[in-house]
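To start, the structure under review is shown below, and the notes come after it.
4 protein chains.
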Amino acid sequence: MLSFENDYSEGAHEAVLQRLMETNRVQQVGYGEDEYCRQAKEKIRAACGDPDADIFFIVGGTQTNMTVIDALLSGVEGVVSATTGHVNVHEAGAIEYTGHKVLTVPEHEGKMDAGELNAFLQGFFADPTHSHMVYPGAVYISHPTEYGTLYSKAELTALSRVCRERGIPLFLDGARLGYGLMSRETDVTLGDIAALCDVFYIGGTKVGALCGEAVVFPRHGAPDRFITHVKQHGAMVAKGRLLGVQFDALFTDNLYFDISRHAIDMAEKLKQGFAARGYRFFLDSPTNQQFIILPNAEMRRLESRVRFSYWGPCGEDSSVVRFATSWATTEENIDRLMAILDEATQR
Amino acid sequence: MLSFENDYSEGAHEAVLQRLMETNRVQQVGYGEDEYCRQAKEKIRAACGDPDADIFFIVGGTQTNMTVIDALLSGVEGVVSATTGHVNVHEAGAIEYTGHKVLTVPEHEGKMDAGELNAFLQGFFADPTHSHMVYPGAVYISHPTEYGTLYSKAELTALSRVCRERGIPLFLDGARLGYGLMSRETDVTLGDIAALCDVFYIGGTKVGALCGEAVVFPRHGAPDRFITHVKQHGAMVAKGRLLGVQFDALFTDNLYFDISRHAIDMAEKLKQGFAARGYRFFLDSPTNQQFIILPNAEMRRLESRVRFSYWGPCGEDSSVVRFATSWATTEENIDRLMAILDEATQR
Amino acid sequence: MLSFENDYSEGAHEAVLQRLMETNRVQQVGYGEDEYCRQAKEKIRAACGDPDADIFFIVGGTQTNMTVIDALLSGVEGVVSATTGHVNVHEAGAIEYTGHKVLTVPEHEGKMDAGELNAFLQGFFADPTHSHMVYPGAVYISHPTEYGTLYSKAELTALSRVCRERGIPLFLDGARLGYGLMSRETDVTLGDIAALCDVFYIGGTKVGALCGEAVVFPRHGAPDRFITHVKQHGAMVAKGRLLGVQFDALFTDNLYFDISRHAIDMAEKLKQGFAARGYRFFLDSPTNQQFIILPNAEMRRLESRVRFSYWGPCGEDSSVVRFATSWATTEENIDRLMAILDEATQR
Amino acid sequence: MLSFENDYSEGAHEAVLQRLMETNRVQQVGYGEDEYCRQAKEKIRAACGDPDADIFFIVGGTQTNMTVIDALLSGVEGVVSATTGHVNVHEAGAIEYTGHKVLTVPEHEGKMDAGELNAFLQGFFADPTHSHMVYPGAVYISHPTEYGTLYSKAELTALSRVCRERGIPLFLDGARLGYGLMSRETDVTLGDIAALCDVFYIGGTKVGALCGEAVVFPRHGAPDRFITHVKQHGAMVAKGRLLGVQFDALFTDNLYFDISRHAIDMAEKLKQGFAARGYRFFLDSPTNQQFIILPNAEMRRLESRVRFSYWGPCGEDSSVVRFATSWATTEENIDRLMAILDEATQR
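Protein chains in written order, with my numbering: chain A, -12 to 334; chain B, -12 to 334; chain C, -12 to 334; chain D, -12 to 334.
Here it is in structure tokens:
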């Protein structure tokens, strides 16, 4: 069945698979010390414009979030997140599992506001009882957010400034970073992110790889003994080459950016298709996740012909659903979706 | 450089890669609910002779150990391991990180003795202060062990009996299970393991896969909400298909067992080559890891021409080193190694 | 300086100290197995009307909350609390430290609403992604709340019903339980609490003891090996007698209830004094904590003559402050406070 | 029944109780910020000869160990202890519960050897795989040990030197510190301990107080935000005065040392009594815990008339048992014990 359920429904981009085939029998050392990891790191450093960046490859997103956040925080610190942050909702308590509280600030279409963050931090340190409370020790944002929205360069700069004034590291979850960087409506570059954040990751799983996220600590900023933290959290793979080869392929000949742009092109086509048919959007997303409001009866009719994600109720009779494109989405499938919509409407 | 450093120096068996290519663009749902995972589980159930086994795929070994052990134990329980157990030494404290103590019993060439385990458990419950101590809540063994040795069926049965008398689950770490099952000197089958253990895993990373371990809870024995434990420990991959496709390939047409047997054949050839040249062995290993005693001067000469693992000192002037074969080892490489040994000796 | 800062500014009721003196040299076994603990438990069981209650004595409140909640929950579960719950704010992340998330529902003058709790639980289990989320595994309420307010018997019954329908234990934090039970406006008895809750504690530290909280699991409901949980959390004292003797004294001749009623009488006198002088209250508290709104200038004048707690800003120019009475508050001190208020106003 | 079971069978020294009575109604602030804590800290600083020592009062020993060790360690570090260390055996896994491994070195009558510690640390850092292992981040010793034995000044100096060469803090558990300092066979003073250790605690629970341990970080060495660690571990009491008053009394007019010397005098009398009657000792303890070897038949006869602790079997027919004296032991009770021994022997 046709699927727009998420951006991880297929395997990997063929160039990635090709590179895995070519390198398959070359013997390499384990645990990320191999030649492919080395090459991939160099290419990512170049793409970030930071020759001093410390880079690590980790298999998945939740694993990355819990390992990075736990390594950043001291025992009495927690991480500040918007209420809708992935770490606060959909990671089964992985952060708390590492012993740290997720401290929440309000969300605005999935984003955190620098002024509200500043007020939260000021309020905390002004509270005479704060030594009985969890100290804010890191700030977590996602870009694109869980709602597909993006920070502007001005917004990201403001968040970075608030964090630096307090000496609190800013961590950007880039599970879908390629789709954010290639959005038609962004003014934020990979170099900006490296300059403004203290740690971020470049998502591979949702952008062309079989698995893998590249964690970047700009300016030699990795926590002490980070590799042991990675091992302790079960986040180290014996065949580190699996991640190195993939990121090497993704950062060769602009592949990561080209396939991300393709996903954006497909999202725009999908968006226009829905809009042209009079559908309402839950919010205006400039990336590969599109949130549509569907009457429940229509939602149920569509479900039998195409897969998408249920997001939540919208009033009494409607629901918010998500259609996601990706590097793998074909124009043909968008056309098939539109045909299904037309047929569903006629009925 | 020629390498016998470990059993994860290459990528994956070509049949596994081939299957990844073939299925690459088929859309599937995420998080292990896909068709390939379903098929792979059926094949593993058949191989285990247990149609009721609960099966989960996890990326790596440390991750599997910490997730399974933590899910098995209550808050006041620890896991019993031989002192040389991987969970006690080389996982950077991952078990303690989940809040549980590793309780140790002596090791005998890497193995735990059922009588000593029984004495430990009796001693614990007989101690009038035991409510102030960590309760033994699970038993961890590896097969093959960290020293390449194997439990006999009688030994495994005795361990299983001690555990069942106490109602304590027995967990077998099978990171190299294929090499154990295909050893020329074993009387233990996969069906025996499923019958005698309460949970075990079938290692993929070291036996032909890019990554992945198959966790088996025989007789519908999975802990309640195990999937949420997996997510919480960061051990769930979005593209669960990556693991399903690989295990599906490995358990098709006996591939897992055939490539394991090949590694054993190569290990026997390597073993005979060393023996014929008068080298001493640290212990007699019937599997793919061979532990050789080398004079330090010779070890240093060899290091420049072939990679192997340093295991520890052996007296004043010698060391124990490990040579590992795998599914990927070629006869040609064994011959090259022997030629290197001959040249090194002549010098 | 005169203090209404909290309800733990003095030592212990003299009858408690007297009993410590009398029993001081009698040799007893350690860790709560002594004769005084045994007697105290019997008296508490009688007061609760539950001869089958399991009872444990723990030194302090945060310690009690973290030990009880952690023992109640499985690894993937969290505790539901109102946003203002002590466990969510003022315990320095002690619950998260034990690996569990605090899941929040709205507060209403410090209280949780049974309908909102039910909606939260329904929403959780209806969410198709809930296996990627923290399961609600216990419900935490305080009575009196952090705002001095009380649940009615109907409200408590409704919460209990919601919990029992879901098989989720209800935990009542009774750090100030005596002051709740002796309020002039309550219809809830100790027996009601034992009947409606699955675990609660009777606060000693704030109600006449030097230290100590009595944890009650009605109907033999203590978690398995709870004593080992207590030890593991560092919550077991060698001289358990210290807690046993105190609770024995408090539950002899109605002392706990009598001194609690005295605190309420003092609170009513204080409340009338403030009201008669035209002060506004932040909310109407029927217990020993009274929340007054003070213009900031007046607050600063008062601070030099009497101690009270700052609670937070109230508009631009005023603040909410707390005045607490206790078993130790004298009428004379209330009169002195009123005189200070009068003088401050005249200036 | 007469008891030599432990050193916490009675309440508190009468001078301590007296001081609690005298100060009972004086209003003080909470959480250890009171006047009595301040005075007690000054007196302890003077006794340690370190005017810059950071001092904190915590209720019990396990709580102190877990809070201090967890605050000292980073996430990937563990604590080194002799195998018999209290933290390794009798704290129900409290250290592991905080996420840290207890790394063990051999014990010699309960003591750690500086040479073996050094070899352990050297071996760790020399191991090429150590980044996959738990880093040693602190060293834990007890003085007196769990076997009543003491480090000499030379031994303690050697341990301190090994730790300082590696930059690893040395933590001394002084649950029975008074009895060590007043031993007739020690050359270690409180000032030596403050000079040689990075943190230690002065036990109150077993030396004259109802409860309480004084944690000392010499030379302003407390970890950042230690008070929040204390709160998070549930180790902070609202009525901090309870601990301040007691330590103030204990460190007034040499009380702590005088009552400790009394316990030693009683231990010597007990020891001579056993020796004179031909009993064998398990080891030669210079402090208040004496370990006697009893034939099992005699042990059972004695059990009906006097309480002592069972320590473990000693060959087929005998057992090791412990008789403890304390500040509260009377000469009369020693005489009664000897009379019981004589009667038991005659039968």
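The beta carbon of each residue, even a glycine, is placed where N, CA and C say it ideally should be.
Only residues of its own chain outside the window of five on either side were considered, and among them ASP41 and VAL186 have a CB closer than 6 Å to the CB of PHE204 (chain A), listed in chain order. In the pairwise beta carbon analysis, the stretch 57 to 67 of chain B is classified as not touching the stretch 255 to 265 of chain B: fewer than three pairs are separated by under 8 Å. By the CB criterion at 8 Å, CYS35 (chain B) and ALA125 (chain B) fall outside the cutoff. In chain order, LEU157 and LEU159 place their CB closer than 6 Å to the CB of CYS184 (chain A), counting only its own chain and leaving out the 5 sequence neighbours on each side. When the beta-carbon positions are compared, GLY86 (chain A) and TYR84 (chain C) come within less than 8 Å of each other. The beta carbon of ARG292 (chain B) lies closer than 6 Å to those of ILE327 in the same chain, with the five residues before and after it left out. Taken in chain order, the members of the stretch 56 to 84 of chain D whose beta-carbon sits within less than 8 Å of a beta-carbon on chain A are ASP57, ALA58, SER61, GLY62 and VAL63. Residues of chain A with a Cβ closer than 7 Å to the Cβ of TYR297 (chain C) are, in chain order, PRO115. For GLY86 (chain C), the nearest beta carbon of chain B is closer than 8 Å to its own beta carbon.
Here ALA315 (chain D) carries a coil assignment [DSSP, helix/strand/coil].
ASN275 (chain D) counts as buried, since no fewer than 16 other beta carbons sit within 10 angstroms of its beta carbon. Using a CB distance cut-off of 8 Å, VAL121 (chain C) counts as an interface residue toward chain A. Contact between GLN233 (chain B) and GLY199 (chain B) is confirmed by a C-beta separation of about 5 Å, below the 8 Å threshold. ALA201 (chain A) sits close to TYR188 (chain A), with the two beta carbons spaced by under 8 Å.
Ranked by Cα distance from VAL16 (chain D), the first of C:GLY178, C:TYR(-5) and C:ASP39 is C:TYR(-5).
LYS226 (chain B) and ILE128 (chain A) have their C-alpha atoms some 23 Å from each other. Around the beta carbon of GLU133 (chain C), a 10 Å sphere encloses 16 or more other beta carbons of the protein chains shown; the residue is thus reported as buried.
Any Cβ of chain D closer than 8 Å to the Cβ of THR173 (chain C) would place that residue at the interface, and such an atom is absent.
Nearest to GLY110 (chain B) by alpha-carbon distance, out of D:LYS88, D:GLY299 and D:GLY48, is D:GLY299. For TYR(-5) (chain D), the chain C residues whose C-beta falls within less than 7 Å of its own C-beta are GLY17, ALA225 and LYS226, listed in chain order. MET8 (chain A) reaches chain B at LEU4, counting residues in chain order whose Cβ is nearer than 7 Å. Under the Cβ criterion of 8 Å, VAL149 (chain A) is not counted among the residues facing chain B. Counting only the Cα atoms, LEU229 (chain C) lies some 11 Å from ALA236 (chain C).
Not flagged as an interface residue toward chain A: SER139 (chain D), since no C-beta distance is shorter than 8 Å. Contact between the stretch 92 to 105 of chain A and the stretch 140 to 149 of chain A is present: three or more C-beta pairs spanning the two stretches fall below 8 Å. Taking 8 Å as the threshold, the shortest C-beta distance from THR215 (chain B) to chain C falls below it. When Cβ-Cβ separations below 8 Å define contact, LYS218 (chain D) makes contact with chain C. Using a Cβ distance threshold of 8 Å, LEU289 (chain A) and PHE278 (chain A) do not count as a contacting pair. The C-beta distance from LEU324 (chain D) to PHE43 (chain D) rounds to 38 Å, too long to fall under 8 Å, and the pair is not in contact. Taking a Cβ-Cβ threshold of 8 Å, the residues of chain D close to ARG212 (chain A) are SER61, VAL63, SER118 and TYR122, in chain order. Under the 10 Å beta carbon count, GLY190 (chain D) is surrounded by 16 or more other beta carbons and is classified as buried. Taken atom to atom, the span from the alpha-carbon of GLN26 (chain D) to that of ALA33 (chain D) is near 11 Å. Burial is judged here by how many other beta carbons sit within 10 angstroms of a residue's own beta carbon; ASN241 (chain A) has fewer than 16 and is exposed. One finds GLN14, VAL16 and GLY17 in chain A with Cβ atoms closer than 9 Å to the Cβ of GLU(-8) (chain B), taken in chain order.
At a cut-off of 4 residues, the continuous stretches assigned as alpha helix (DSSP H) that sit fully inside the stretch 65 to 96 of chain A are 73 to 76 and 81 to 84. With distances taken between CA atoms, GLY(-2) (chain A) lies nearest to A:THR192 out of A:MET53, A:THR192, A:ASP322 and A:VAL13.
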